[in-house]
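Participant:
In mature numbering (1 follows the signal peptide of the UniProt record, and there is no 0), the protein residues as written are -23 to -1, 1 to 243.
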């Protein structure tokens, strides 16, 4: 990507970045890493009086009257440029719109992929985790079919000899999770139940093996719980873009869970 292309893409995300802190999720984190330094230089050029702070995957700044000035700059200097768009979508949708416009990578939110367990060609371990928990949410909400194909696929990604350390401290064979999840089909149907992951990161521990760290959140009715989670995944020999869950270790995040709460599944 040339300098003009990467820096001027700032206009694409002006709606969500003004007077705010931007933390891109896993889907666009790589995109932020490419442009963040150049964005800072670009912003300093446009707004020398701005207060700019750069952190890993985070851009924090405060600019007075930034929206009006940026829109004026865009109208006067870049309205006809094929390298710049003023996104019509808001917030993260604006970033996804830009990624699609410039063919920079995946541009469909995992939540918009209805059959997530089958249409889940995982490029990275973090994507594997996100798609799994989306399926888990939909399974418990009965938003997918209760079919043998799903059950077998679930068994194929859970290793038969691994272990799962529950946030209560109980250590159990990981394969027991399969039967537990299968038996929970539709138990959250018709109630407010959402699952998501946050602060996800990966590190390769050996060839074909990754440690994935993240916070797993679960909202059920008015109850919000969260676990700090570590998952060891191995790429499959016959499909390197798919993974097997080897080990899971979870601990409660302070204030978001009770030590002896065994109703938490995974």
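Glycine included, C-beta positions come from ideal geometry on N, C-alpha and C.
Could you tell me whether the Cβ atoms of residue 204 and residue 144 are closer together than 8 Å?
Facilitator: Yes, the pair counts as a contact, with Cβ atoms nearer than the cut-off.
Participant: Within 10 Å of its beta-carbon, does residue 49 have 16 or more other beta-carbons around it, so buried, or fewer, so exposed?
Facilitator: Exposed, by the Cβ-count rule.
Participant: If you draw a straight line from the C-alpha of residue 224 to the C-alpha of residue 200, how long is it?
Facilitator: If you take the alpha carbons of residue 224 and residue 200, they lie about 27 Å apart.
Participant: Starting from residue 140, trace the beta strand (DSSP E) both ways and give me its first and last residue.
Facilitator: Where residue 140 is concerned, the enclosing beta strand (DSSP E) stretches over 135 to 142.
Participant: For residue 218, does the three-state DSSP call read helix, strand or coil?
Facilitator: Residue state, collapsed to three classes: strand.
Participant: For residue 162, which of helix, strand or coil comes out of DSSP?
Facilitator: In this structure, residue 162 counts as coil in the three-state DSSP scheme.
Participant: Reducing DSSP to helix, strand and coil, say where residue 89 ends up.
Facilitator: Note: residue 89 maps to helix in three-state DSSP.
Participant: What are the boundary residues of the beta strand (DSSP E) that includes residue 50?
Facilitator: Per DSSP, residue 50 belongs to no beta strand (DSSP E); it is in the alpha helix (DSSP H), 43 to 54.
Participant: What are the boundary residues of the alpha helix (DSSP H) that includes residue 118?
Facilitator: Looking at the DSSP string, residue 118 is not in any alpha helix (DSSP H), and its letter there is neither H nor E.
Participant: First and last residue of the beta strand (DSSP E) that includes residue 192?
Facilitator: From DSSP, the beta strand (DSSP E) with residue 192 extends over 186 to 197.
Participant: Check this for me: beta carbons of residue 229 and residue 135, under 8 Å apart or not?
Facilitator: No.
Participant: Using the Cβ count rule (16 or more neighbours within 10 Å means buried), how would you classify residue 161?
Facilitator: Exposed, by the Cβ-count rule.
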